[in-house]
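J.:
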Amino acid sequence: MNQYRTLLPIGVAVLALLVYSCTFVVKQYEVAIKLRLGEIVSDQYGPGLHFKLPLINSIEIFDRRIQTLDSRPERFLTIEKKDVIVDSYAKWRISNAAQFFRSTGGSSARTSRLLSERINTSLRDEFGKRTIQEVVSDDRLELMQILTKEVNANTEDLGVEIVDVRVKKIDLPPEVSESVYQRMRAERERVARDLRAKGSEAAERIRADADRQRTVITADAYRQSEEIRGEGDARSAEIYAGAYSVDPEFYAFYRSLGSYRQAFGNGGDVMVLEPDSEFFRFFRQQQAPVEAIGR
235 MNQYRTLLPI GVAVLALLVY SCTFVVKQYE VAIKLRLGEI VSDQYGPGLH
285 FKLPLINSIE IFDRRIQTLD SRPERFLTIE KKDVIVDSYA KWRISNAAQF
335 FRSTGGSSAR TSRLLSERIN TSLRDEFGKR TIQEVVSDDR LELMQILTKE
385 VNANTEDLGV EIVDVRVKKI DLPPEVSESV YQRMRAERER VARDLRAKGS
435 EAAERIRADA DRQRTVITAD AYRQSEEIRG EGDARSAEIY AGAYSVDPEF
485 YAFYRSLGSY RQAFGNGGDV MVLEPDSEFF RFFRQQQAPV EAIGR
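According to the numbering used here, the sequence shown is numbered sequentially starting from 235.
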């Protein structure tokens, strides 16, 4: 009886060890392959408990969730033979566990190296088809879609699927940055000169139009003033003529007074006239007005 009690725990332990060595568990986010003496015999294992032969079969389990490969920045040449420094990353997952194991041996380091080489090859090809202006300014979504498609085609033999390839940042080397900056500055200066020229042209056009309008307005005002002045002179002459026709003698006397006022107003003028001149006609006729004028 005591012997049975001693062997029971040993038997349970051996049974547990046998069960453990004959089974394996595949989780929901994992994929597994079964090897027999290093050769793949099956890769059709869904999540759950599965069995294997101890010492003959070995199991390789891989994570099938999407993983990130963050590559270090690399230099690529554009179609202009200019260097750009591209910082990118890729999202990938295992699509064929058996092919993945054959190609990479399940090594993460080898997988990262192979993926990086093929992603860089696709990046080099795509950037080599574009100018710096295109890779920096154009829509990157199209470039990302093209890269994802090309890298997927290049990694089919690795048993992986490239979900997405993204360019995080594109930098220019210092020497390229300076040349691009100079070109951009020259372009901005050209645009500024063009705008200034257009502004000067518009200013000259506005100034010429303003000068034309000023000339037209001035001429029109002068014409109106001359018309008004002419009408005034005509009306004045008409009034004077009417007054003269009413009393010609008084009108002649009035005009003579004006002439005397202008002739003798300064007091320092000297005039040499004959005493019987028509200018002194009213002096001879009336003494009183002559005295008044003299005063």
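Beta carbons are placed, not taken as given, at the ideal position from N, Cα and C, and that holds for glycine.
Return the first residue and the last residue of the beta strand (DSSP E) that S276 is part of.
T.: Counted from its first residue, the sequence shown places residue 276 at position 42. Element bounds for S276: E273 to S276.
J.: In the structure shown, what three-state DSSP assignment does Q301 receive?
T.: Translated into positions along the sequence shown, residue 301 becomes position 67. It is a strand residue.
J.: Within the continuous alpha helix (DSSP H) that includes T382, where are the two ends?
T.: Counting from 1 along the sequence shown, the entry for residue 382 is found at position 148. Looking at the DSSP string, the run of the alpha helix (DSSP H) that includes T382 is R374 to N388.
J.: DSSP on R270, reduced to helix/strand/coil?
T.: For the purposes of this step, residue 270 is taken as the residue at position 36 of the sequence shown. Strand.
J.: Around the C-beta of I244, are 16 or more other C-beta atoms found within 10 angstroms, so that it is buried, or is it exposed?
T.: Counting from 1 along the sequence shown, the entry for residue 244 is found at position 10. The residue is exposed, with fewer than 16 neighbouring Cβ atoms inside 10 Å.
J.: Applying the 10 Å Cβ sphere with the 16-neighbour rule, what's the burial state of S305?
T.: By 1-based counting over the sequence shown, the position of residue 305 is 71. Burial call: buried.
J.: The alpha helix (DSSP H) spanning L349 covers which residue range?
T.: As a position in the sequence shown, residue 349 is number 115, starting the count at 1. From DSSP, the alpha helix (DSSP H) with L349 extends over S342 to F361.
J.: Counting Cβ pairs, one atom from each stretch, are 3 or more of them under 8 angstroms apart for the region 359-373 and the region 324-337?
T.: No, the region 359-373 does not touch the region 324-337.
J.: Where A247 and V253 are concerned, what is the direct C-alpha to C-alpha distance, given to the nearest angstrom?
T.: Position 13 of the sequence shown, counted from the first residue, corresponds to residue 247. Position 19 of the sequence shown, counted from the first residue, corresponds to residue 253. Near 10 angstroms, if we compare the C-alpha coordinates of V253 and A247.
J.: Helix or strand or just coil, what does DSSP make of Y279?
T.: As a first step, residue 279 must be located in the sequence shown, where it is residue number 45. It is coil, neither helix nor strand.
J.: Just curious, the alpha helix (DSSP H) that S337 is in, first and last residue?
T.: Along the sequence shown, one-based indexing puts residue 337 at 103. Where S337 is concerned, the enclosing alpha helix (DSSP H) stretches over A331 to T338.
J.: Count the other CB atoms, across all protein chains shown, that sit within 10 Å of the CB of R529; report buried if there are 16 or more and exposed otherwise.
T.: What you label residue 529 is simply residue 295 of the sequence shown in a count that begins at 1. With a pLDDT of 42 at R529, under the threshold of 50, the modelled position of this residue cannot be trusted, and the question is left open.
J.: For the region 363-383 against the region 391-401, are there 3 or more C-beta pairs whose distance is under 8 angstroms?
T.: Contact holds: three or more Cβ-Cβ distances are below 8 angstroms.
J.: In angstroms with no decimal places, state the Cα-to-Cα distance between F258 and R299.
T.: Within the sequence shown, residue 258 is the residue found at index 24, counting from 1. Within the sequence shown, residue 299 is the residue found at index 65, counting from 1. Looking at the two C-alpha atoms, the distance is approximately 20 angstroms.
J.: Could you tell me the distance, in whole angstroms, from the CA atom of K315 to the CA atom of E421?
T.: The residue given as residue 315 occupies position 81 in the sequence shown. The residue given as residue 421 occupies position 187 in the sequence shown. K315 and E421: Cα-Cα distance of roughly 21 angstroms.
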